[in-house]
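Q:
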Amino acid sequence: MHLEEMKNEIEKLVITKGFYNKPEDIPKKLLFAFIELGEASDAWKKGADQEKIAEELIDVIFYVLDTSRLACPNVNMDDMFEWKLSKNLDRPFQYGEGHRNK
Ligand SMILES: [Mg+2]
Numbered sequence: 160m161h162l163e164e165m166k167n168e169i170e171k172l173v174i175t176k177g178f179y180n181k182p183e184d185i186p187k188k189l190l191f192a193f194i195e196l197g198e199a200s201d202a203w204k205k206g207a208d209q210e211k212i213a214e215e216l217i218d219v220i221f222y223v224l225d226t227s228r229l230a231c232p233n234v235n236m237d238d239m240f241e242w243k244l245s246k247n248l249d250r251p252f253q254y255g256e257g258h259r260n261k
């Protein structure tokens, strides 16, 4: 399943379950993404199994894609992923991590 398909499935879930679904809900969705990141970190810290950690990371992806649906509905996230991957591949080795050489 590609990001755009995932976005559509998440939209169906949001509508079916009556979750927040308005542009003014975007800050809440971003906060929930951070909370899920915290849950992933906590699971890892506590030695949870890989499936539990992966589940929390998927929760992050859900909220991120759900936010993209409302915040930038005209952007194709599959195209954006390809573009961003290419941009990052064009950057130098260890870009942004210069402190590691000091
Ligand atoms: Mg969770």
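By my numbering, the letter at position 53 of the sequence shown is numbered 212, and the numbering carries on one by one without gaps. We put the beta carbon where it would ideally sit given N, CA and C, even for glycine. Here the structure is a predicted model, which means the values were calculated and not measured.
Taking all protein chains shown into account, decide if Y179 is buried (16 or more other Cβ within 10 angstroms of its Cβ) or exposed.
A: exposed
Q: Any heavy atom of ligand 1 within a distance shorter than 6 Å of the CB on E198?
A: yes
Q: Which whole-angstrom value is the C-beta distance of I185 and A230, which I expect to be below 8 Å?
A: 5 Å
Q: Starting from the Cα of T226, find the closest Cα among M165, K188 and E168 and give me that residue.
A: K188
Q: Please list the segments of the alpha helix (DSSP H) lying wholly inside the region 172-224, counting only runs of 4 or more residues, in order along the chain.
A: Scanning the region 172-224 from its first residue to its last, the whole alpha helix (DSSP H) runs of 4-plus residues come out as 185-204.
Q: Excluding the 5 residues preceding and the 5 following F221 in the sequence, name in chain order all residues of the same chain whose CB lies nearer than 7 Å to its CB.
A: I169
Q: Helix, strand or coil for E256? Go by DSSP, reduced to three states.
A: For E256, the secondary structure class from DSSP, reduced to helix, strand or coil, is coil.
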